[in-house]
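First residue of the sequence shown: 8, per this note's numbering; consecutive thereafter.
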Amino acid sequence: MEYEETLNDDGAAALLHADVETVRLLARRGELAGTKIGRAWVFLRSDVLAFLRERIQKDTAKRRQVSVTAAEPLAHLLPPAPRHQRRAPPVLPALPTAASNKPLP
């Protein structure tokens, strides 16, 4: 008989490169297949990988849709254009020269 590899919430989090609390939240919501045995969450490795594949496909499709519908595909990645041009620095009064022997006020 062949058994699938099981993971606890720490193992599933490591496989997904996510925080343990995120994995628990996904499991409580029913987005990530798993079960609670006693106080511990148990996941099948194949279910975690299927969840990851599904999320990758969904997110990739969303990004492709955004880039096709946008007038400029990379416009949303560029920083916003500056609103104001810099003002010219103020004109400062001339400094007294060494030739004038007047004391400064």
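Where a beta carbon is used, it is the ideal one built from N, C-alpha and C, also for glycine.
Pairwise C-alpha distance: residue j and residue i
i      : j     : result
PRO89  : TRP48 : 50 Å
LEU114 : LEU32 : What is shown of the chain runs 8 to 112, which leaves residue 114 out entirely.
ARG117 : THR42 : Since the first residue shown for the chain is 8 and the last is 112, residue 117 is missing from the structure and cannot be characterised.
PRO96  : LEU84 : 32 Å
HIS91  : ARG71 : 33 Å
MET8   : PRO87 : Per-residue confidence for MET8 stands at a pLDDT of 41, beneath the threshold of 50, marking its modelled position as unreliable; the derived number appears in the next sentence. So the two alpha carbons sit approximately 60 Å from each other.
ASN15  : GLN64 : 25 Å
ASP66  : GLU28 : 21 Å
Buried versus exposed, by CB contacts within 10 Å (16 or more), residue i
i      : result
VAL30  : buried
ASP17  : exposed
LEU56  : exposed
LEU102 : exposed
ALA34  : buried
Own chain partners of residue i with C-beta closer than 7 Å, once the 5 adjacent residues on each side are dropped
i     : result
GLY45 : none
GLU12 : ARG52
ASP26 : ALA20
LEU59 : LEU23
Neighbourhood of residue i by C-beta distance below 6 Å, restricted to the same chain and skipping five residues each side
i     : result
ASP54 : ALA40
ALA19 : VAL30, PHE50, VAL55
LEU22 : VAL55
Reduced DSSP secondary structure (H/G/I, E/B, other) of residue i
i     : result
ALA47 : strand
ARG71 : helix
LEU99 : coil
query = Which parts of the region 9 to 69 are runs of the alpha helix (DSSP H), unbroken and 4 residues or longer, counting only runs that do not cross its ends?
reply = Runs of the alpha helix (DSSP H) lying entirely within the region 9 to 69, each at least 4 residues long, are 16 to 23, 27 to 36 in chain order.
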